[in-house]
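Have a look at the structure below, then the notes.
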Amino acid sequence: MIRAEGLSKNYGPLRAVDGISFSVRPGEVLGFLGPNGAGKTTTMRMLAGFVPASAGYAEICGFRIDSQPLEAKRLLGYLPEGAPSYGEMAPGEFLQFIGRIRGLSGVALKKRIDEVSARLQLGPVLKQPIETLSKGFRRRVGLAQTILHDPPVLILDEPTDGLDPNQKHEVRELINAMAAKKIIVISTHILEEVDAVCTRAIIIARGRIVADETPETLIHRSRYHNAVTIRLAHTADLAAVTDELRRLAEVDHTEVDEHEYSVTAFPKSGAALLTVIGDLAGARRWPMENLRLEAGRLDEVFRSITTPEAA
Amino acid sequence: MGAIRIIAGRELRSYFATPLAYVFIVIFLAMMGVFSFYLGGFYERGQADLTPFFNFHPWLYLFLVPAIAMRLWAEERKSGSIELLMTLPVTMWQAVLGKFLAAWLFIAVALTLTFPIWLTVNYLGDPDNGVIVAAYLGSLLMAGGFLAIGACISAANRNQVVAFIVTVVICFLFMLAGFPLVLNFFSGWLPATVLHAISGLSFLTHFNSLSKGVLDIRDLLFFLLVIAAWLYANVIVLTLRKAD
């Protein structure tokens, strides 16, 4: 289990992280979200023991990172922001070094390096200096380093940053495959990642936790949740359709997008709109291109809880 | 001990992965030759000893050792790999000692490669090889002192050029601590006992007796203590500012 208790960090008069508390259990994948500068990386660094906390403490499987750092760090795989490594080394040598520091040796080490480099498809570049590799490869070398000793706890600061869509997919698959047995904390500002891998999301803004829930409940906070959007063919009369929708008893209000030539109807609380609007559209024979029930928009939730003006 | 060896091994290998090691060794050997033969008058003196050779070691180290030391921590900081190193299960002392020992061992290799001059002097005459061994030992210890200063300064900095210049200045002060150049600066306003203590910190004084073959335990201890003190400072600097 990872536990953070009142973690805070001051940089001079600036309070970068302000009393963050949470705990993560095995099997959970916690997504750490927040705008740039919200304190994500500082929190990750405190959890991993790189930055000392100004107040509060962090605990990895019962070992406090400040008073029992070696025990805690042994159980930890940490990917720092930007996946730094030693540029003049080749990935093979680099993994050898990390493995030996982590107490692996001989056949066991070789076997782990083979497994991990197969998993992250490092085979073709194992003997090339890391500084000559592409950003995607460098990131994957960093990931290989974090999982080499098969730690029970993973802390990954922006693991998919700089990867192309295929590589992102691979890394998410990897995280999902490991998720059941491990405790994983990832920080990201890519919202689709939360949907793809996380079982829980914490959003921080200005150093504080502003939301801590599952991605589903988070998405339900969206005002778009259960709204219905109709996209019409250009032969239809958008104003007339909007007018009819607004007159429905279940509809609270509507929003028109002239550019998309679509209208979104928002339900009164608890009302179900899809069948009502579907029936109406069928009866009136509106020339529709698309009719969809909105699940909610994570980016809109994110914006509304991380910017003070919108809240 | 294991972690120190692994860190030192990685560090040492990285010297040889770049031109740094080769450039350093070539320049070190070339300068040694130039200093001993031209400035030191190795042949002209007509004596079978290595005094002209060892006399120039402090001056050569003054610039070459900071060049090795400046990258020790500044580069880790700049590339961000310090974050990786400090989140591995190693203690601060293991990291500091590992990196220091790698650099020291590297200087020892460069120093060992000056052996032809020892062969030469044995071929030409009949020198006191005990004195030469003592002088080599003193030279290596002095290099370690310079290196420990440089490692500490490098840890306080992310800019290698600044680290280099500051290290050269501090090494210069330590080297000449027993000489009027430094002592005159303090003599106006410090009591005599403090002045005496400062002059006791002089690298040159301690090295000179070692290079004459006088293996005084106090001189050996002096350099070992200087190394220990600066490495301790290095650990403190890193603990306080590793993430800045």
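Going down the list, the protein sequences come from chains A and B.
If you read the first sequence in the working numbering, its first letter stands for residue 1, the second for the next number, and so on.
If you read the second sequence in the working numbering, its first letter stands for residue 1001, the second for the next number, and so on.
Glycine included, C-beta positions come from ideal geometry on N, C-alpha and C.
Secondary structure at residue i, three-state DSSP: helix, strand or coil?
i                  : result
Tyr1123 of chain B : helix
Met288 of chain A  : strand
His189 of chain A  : coil
Thr160 of chain A  : coil
Ala311 of chain A  : Note that Ala311 of chain A scores 43 on pLDDT, short of 50, meaning its location in the model is unreliable; the coordinates nonetheless yield the value given after this. Ala311 of chain A: coil per DSSP, three-state reduction.
Thr41 of chain A   : helix
Phe50 of chain A   : coil
Ala265 of chain A  : strand
Gly1002 of chain B : helix
Glu213 of chain A  : strand
Tyr1232 of chain B : helix
Val1245 of chain B : Residue 1245 of chain B falls outside the range modelled here, since chain B spans only 1001 to 1244, and no answer is possible.
Leu7 of chain A    : strand
Gly56 of chain A   : strand
Ile65 of chain A   : coil
Phe1056 of chain B : coil
Looking at the unbroken beta strand (DSSP E) that takes in residue i, where does it start and where does it end?
i                 : result
Gly77 of chain A  : 76-79
Pro13 of chain A  : Here Pro13 of chain A belongs to no beta strand (DSSP E), and DSSP marks it neither H nor E.
Thr229 of chain A : 228-232
Tyr86 of chain A  : Tyr86 of chain A -> no beta strand (DSSP E), and no H or E assigned at all.
Val313 of chain A : Any answer about residue 313 of chain A is impossible in this case: the structure gives chain A only from 1 up to 311.
Ile130 of chain A : Neither: Ile130 of chain A is in no beta strand (DSSP E) and is coded neither H nor E.
Closest Cβ-Cβ distance between residue i and chain A: below 7 Å?
i                  : result
Thr1205 of chain B : no
Arg1010 of chain B : yes
Ile1006 of chain B : yes
Gly1098 of chain B : no
Gly1178 of chain B : no
Gly1080 of chain B : yes
Ala1151 of chain B : no
Ala1243 of chain B : yes
Could you spell out where the alpha helix (DSSP H) holding residue i opens and where it closes?
i                  : result
Phe1042 of chain B : Neither: Phe1042 of chain B is in no alpha helix (DSSP H) and is coded neither H nor E.
His1206 of chain B : 1203-1211
His253 of chain A  : His253 of chain A -> not in any alpha helix (DSSP H); beta strand (DSSP E) instead, spanning 251-257.
Phe1100 of chain B : 1092-1112
Gly1144 of chain B : 1129-1155
Arg246 of chain A  : 238-246
Ala1021 of chain B : 1020-1034
Looking at the C-beta of residue i, does it have a partner C-beta in chain B at a distance below 7 Å?
i                 : result
Arg100 of chain A : yes
Lys73 of chain A  : yes
Pro84 of chain A  : yes
Phe97 of chain A  : yes
Tyr11 of chain A  : no
Tyr78 of chain A  : yes
Glu131 of chain A : no
Glu88 of chain A  : yes
Could you check if residue i is buried or exposed, using at least 16 other CB atoms within 10 Å of its CB as the buried criterion?
i                  : result
Val1214 of chain B : exposed
Phe1164 of chain B : buried
Ala1197 of chain B : exposed
Ser262 of chain A  : buried
Ile2 of chain A    : buried
Val1026 of chain B : exposed
Val1169 of chain B : exposed
Subject >> Proximal residues, the stretch 43-69 of chain A versus chain B, C-beta separation under 9 Å >> reply: Arg45, Ala48, Gly49, Phe50, Val51, Pro52, Pro69
Original post:
In the stretch 1084-1095 of chain B, which residues sit with their C-beta less than 8 Å from some C-beta in chain A, listed in chain order?
Top reply: Leu1084, Met1086, Thr1087, Leu1088, Pro1089, Val1090, Thr1091
Original post:
What residues in the stretch 1015-1048 of chain B bring their beta carbon closer than 9 Å to a beta carbon of chain A?
Top reply: Ala1017, Thr1018
Original post:
Name the residues in the stretch 1154-1171 of chain B whose C-beta lies less than 8 Å from a C-beta of chain A; which are they?
Top reply: none
**OP:** Determine which residues of the stretch 1053-1069 of chain B have a Cβ less than 9 Å from any Cβ of chain A, and write them out in chain order.
**Re:** none
Subject >> Short-range partners of chain B found in the stretch 185-196 of chain A, where Cβ spacing is below 9 Å >> reply: none
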